[in-house]
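Take a look at the structure below.
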Amino acid sequence: MVRYLDSDNFGTSNLGWLFSRFHFSFAGYYNPENIRFGALRVMNDDLVKPETGFDTHPHENMEIISYVVDGRLTHKDSMGNEHTLERGQVQYMSAGTGVWHSEYNNDKEEILRFFQVWILPDKAGHKPNYGDYRFNWEERIGRWLPIASGDNNKEFPIQVHQDIHFYATEIKAGESLDFKVGKDRQAYLAIIEGSAEVKGYTMKMRDAMEITEEDFTLKALSDTHAVVMEMKKDATGND
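Each residue of the sequence shown is one higher than the last, beginning at 0 in numbering that gives the first Met the number 0.
Listed below in structure tokens is the structure:
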């Protein structure tokens, strides 16, 4: 089963300093038919203006991955971590029993674009944790770069508390890349940059697709940067 998601229909928010596109219901955007996809609860495509950001605020019982597309993301948290990440680099925070953090664009000129990805944990009450990984851009060219998983697979540098596999890729125009989705599994594909053909659909930058128990091929119509999250099929669907 395939569900194509046109980004023109995503929820949006414009706070002046922050412009967001919401793949799922979030903040002031609520769609009862689009709450989550399996364990994937939030995917926000955020644009943060220079010298602004998210002030210190709390989270608990959520696995949070931040994927930097453009600019520089500076993270601080109540566990004593303070790091700045650039294009293609990734940070992970298990909010667990509770953590406070801020996320800022300290650059004076460049807009920060990053994806916030929130994953429902396998259970409540994990010990809070933070980590980041400074992938080289070249590692994802022409292949699915393993980023995060929940099964202690050493191929994935980031470990989360959920049965998911998170990958990123960049493929050149005219190239194709296959992805396997097994029985009782599902995948969420997001086109970050470029355009591609998938399962007969033409997908532009920022579009997404839900794919359940079907393999797919990502065929780049232009140079394409994409991420995919593969996970256990949720028998109850979105709720």
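All C-beta atoms, glycine included, are put in the ideal place defined by N, C-alpha and C.
Owing to the predicted nature of the structure, the values given are computational and were not obtained by experimental measurement.
Could you check if S93 belongs to the surroundings of the ligand NAP, using beta carbon to heavy atom distance under 7 Å?
This structure lacks the ligand NAP, and indeed carries no ligand of any kind.
Which full runs of the alpha helix (DSSP H) of 4+ residues lie inside the region 31 to 103, going along the chain?
none
M61: buried (16+ other C-beta within 10 angstroms of its C-beta) or exposed?
buried
For T131, count neighbouring C-beta atoms within 10 Å of its own C-beta (all shown protein chains included) and say buried if the count is 16 or more, exposed if not.
Note on residue identity: the sequence assigns Asp, not Thr, to residue 131. The residue is buried, with at least 16 neighbouring Cβ atoms inside 10 Å.
State the DSSP-derived secondary structure class of L4, mapped to helix, strand or coil.
strand
Mind checking which residues open and close the beta strand (DSSP E) that includes E169?
163 to 170
For T55, which option in E108, H164, K75 has the closest C-alpha, if you only look at C-alpha atoms?
With distances taken between Cα atoms, T55 lies closest to K75.
Who are the near neighbours of N123 in its chain, counting only those whose CB is closer than 6 Å to its CB and skipping five residues on each side?
Correcting the residue identity first, residue 123 is Ala in this sequence and not Asn. So the qualifying residues of the chain are N60.
In the structure shown, what three-state DSSP assignment does R184 receive?
strand
As an exercise, report each continuous beta strand (DSSP E) stretch of at least 3 residues that is fully enclosed by the region 129 to 168, in chain order.
The region 129 to 168 contains, as complete beta strand (DSSP E) runs of 3+ residues, the segments 144 to 148 (chain order).
For K126, does the three-state DSSP call read helix, strand or coil?
coil
Of the choices Y66, Q161, D206, D183, whose alpha-carbon is the least far from that of I118?
Q161
To which residues does DSSP link M228 through a beta bridge?
F165, Y187, per the DSSP bridge assignment.
Can you tell me which of the three DSSP states K218 falls into?
strand
Kindly indicate which residue of A38, F25, R133, R40 has the alpha-carbon position closest to the one of V68.
R133
Near F9, which residues of its chain fall below 7 Å by C-beta distance, leaving aside the five closest residues on each side in sequence?
R20, F21, H22
Between the region 138 to 145 and the region 89 to 105, do three or more beta carbon pairs fall short of 8 Å?
no
Less than 8 Å between the CB atoms is what I'm expecting for K126 and T96, so what's the real figure, rounded?
7 Å
Alpha carbon to alpha carbon, how far is V159 from Y66?
15 Å
Please go through the same chain and pick out, in chain order, the residues whose beta-carbon is closer than 6 Å to the beta-carbon of K171, but skip the five residues on each side of it.
D222
Among residues of its own chain, excluding the 5 on either side of G70, which ones have a beta-carbon nearer than 8 Å to its beta-carbon?
V47, E85, R86, N104, D106, E109, I110, L111, R112, F113
With respect to the beta strand (DSSP E) encompassing D177, which residues constitute its N-terminal and C-terminal limits?
175 to 178
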